[in-house]
Amino acid sequence: MKILHTADIHLGELNGPVIDGENARMMDTVKCMDFIVTKAVEEDVDIIVIPGDLFNKSKLWADEMLKEITIASNWLRSLCSVAPVVLMWGTGNHDSLAAFENIRKMNIDGLTVITEPQLLTINTKSGGI
């Protein structure tokens, strides 16, 4: 079984240079996220686990976070097209519980969102659990 484990994406507007009106550090983060999808496809992984710090700042679900949620949900959909994904909320210093609950409500096929400790049974792409 192949497991892709990635964490601490810290998606968000970080201090740094701006290129053509876009935050360069966020652009770099998105490139890394795209690379993760590419590697998941190349490696033909069975399951993807993301244990927290998907976002850089803990914010409530609001317009100010709409860009990050859009990027994250599109990325999660891409990952779910490769293999089942488990996204775990860790602590409130980076991830917003409200954002994770709203991601859960998107009903992305193949995505399991965990916001409290629990035991899971996940059918992986290769049929393992």
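Heads up, the sequence shown is in the numbering used here, so the first residue is 3 and it goes up one at a time.
All C-beta atoms, glycine included, are put in the ideal place defined by N, C-alpha and C.
As the structure is a prediction and not an experimental result, all values here were calculated from the model.
Return yes when the Cβ of residue j is within less than 9 Å of the Cβ of residue i, no when it is not.
i	j	result
V88	V47	no
S80	V39	yes
N58	E15	yes
M90	G54	yes
L35	I5	First, the amino acid is wrong: residue 35 is Met here, not Leu. Not a contact, by the Cβ cut-off of 9 Å.
T8	V43	no
T114	L121	no
Along the chain, where does the beta strand (DSSP E) that runs through residue i open and close?
i	result
I116	113-116
V88	87-90
H7	5-7
Kindly indicate which three-state DSSP category residue i falls into: helix, strand or coil?
i	result
V2	In the structure as shown, the chain begins at 3 and stops at 131. Residue 2 is therefore absent and cannot be evaluated.
V32	helix
L13	strand
I73	helix
V39	helix
I105	helix
L122	coil
For the candidate residues the options, whose alpha-carbon lies nearest to that of residue i?
i	options	result
G18	A9, D10, T31	T31
P86	S128, I21, I11	S128
I71	I50, N104, M90, G54	N104
L68	W91, A100, F37, I49	A100
N109	I124, Q120, C82	C82
H96	L121, A42, L56, T117	L56
K33	D22, L13, I50, V43	L13
I11	R27, V20, I21	R27
W77	E45, G92, F37	F37
T126	I49, D22, T117, E118	I49
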